[in-house]
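Those sequence lines, one after another, are chains U and Y. Each residue of the first sequence is one higher than the one before, starting from -3 at the first, in our numbering. Each residue of the second sequence is one higher than the one before, starting from -3 at the first, in our numbering. What follows is a single structure, written as structure tokens, with notes after it.
Protein chains: 2
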Amino acid sequence: MLQRKLGQRIAVLRKARKLTQEQLAEAIGCSVEFISLVERGVNAPSVAGLEKFAKVLKVEVKELFSFEKQTQ
Amino acid sequence: MLQRKLGQRIAVLRKARKLTQEQLAEAIGCSVEFISLVERGVNAPSVAGLEKFAKVLKVEVKELFSFEKQTQ
DNA sequence: CACACCACGAAGCTAAACTACGAGGTAAGA
DNA sequence: TCTTACCTCGTAGTTTAGCTTCGTGGTGTG
Chain U
-3 MLQRKLGQRI AVLRKARKLT QEQLAEAIGC SVEFISLVER GVNAPSVAGL EKFAKVLKVE
57 VKELFSFEKQ TQ
Chain Y
-3 MLQRKLGQRI AVLRKARKLT QEQLAEAIGC SVEFISLVER GVNAPSVAGL EKFAKVLKVE
57 VKELFSFEKQ TQ
């Protein structure tokens, strides 16, 4: 699943920025629970949401989808 | 807007594959009208949808977001 | 203990993802 | 001029999922 990998990627980027889920949520303007759902791959942000994540994490949107070779 | 650039990117990739909107829609499993909306940046596909677009267009998802320098 | 950080379930609201229908416009070809 | 292919665009509708709130509980650390 794409969502899963996207979530893992976001978690990695967040930790690299030394942010907690709460801080990330506040910076983005969403709930902490949603961050948790996204990182676990249960939910995925909308395209507009992706833009916010990328901005806060200081990467380009395509970086959020940069992981080795998709299984599918 | 991200949607706008995403749509333009998808249109470029579709044409590069010599597909009509109708063919793309059929391959993805959605309506032709939706393809039109997406390419014009009116709507954006969900993350699950992005996966389908990428698969049919034979690129990785991050390629869908590969355009020169976001204005921000 | 207390506190920070996070997973997770259940439930709900609402925006937007996605559809169907119909009209109209452009270009190319017979 | 008519036809056909390809696409835009408006209106309106259905359904999904993006996102929320509340609450519980687990793990680690000072």
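Don't be surprised by glycine CBs; every beta carbon is placed ideally from N, CA and C. Remember, it's a predicted structure, so these values are computed and weren't measured experimentally.
Assigned exposure category for residue 50(Y) - 16 Cβ within 10 Å defines buried: Flag for residue 50(Y) reads buried.
CB contact flag (residue 58(U), residue 58(Y), <8 Å): Yes; because the gap between Cβ atoms is below 8 Å, this pair is in contact.
Separation of residue 61(U) from residue 5(U), as counted between CA atoms: Looking at the two C-alpha atoms, the distance is approximately 8 Å.
Listed by chain order, chain Y residues near residue 4(U) by CB distance under 7 Å: Per Cβ cutoff of 7 Å: no residues; residue 4(U) is ~14 Å from chain Y at best.
Contact residues within the stretch 41 to 58 of chain U, judged by C-beta distance below 9 Å to chain Y: Residues passing the 9 Å Cβ filter: 41, 42, 43, 44, 46, 47, 50, 51, 56, 57, 58.
Residue from 3(U), 27(U), 16(U) whose Cα sits closest to the Cα of residue 35(U): When each option's Cα is compared against that of residue 35(U), the closest is 3(U).
Endpoints, alpha helix (DSSP H) assigned at residue 32(Y): Element bounds for residue 32(Y): 28 to 35.
Test: residue 32(U) CB closer than 8 Å to a CB of chain Y: With 8 Å as the cut-off, residue 32(U) does not count as an interface residue toward chain Y.
Coarse secondary structure for residue 25(U), derived from DSSP in three states: Residue state for residue 25(U) is assigned as coil, using DSSP reduced to three classes.
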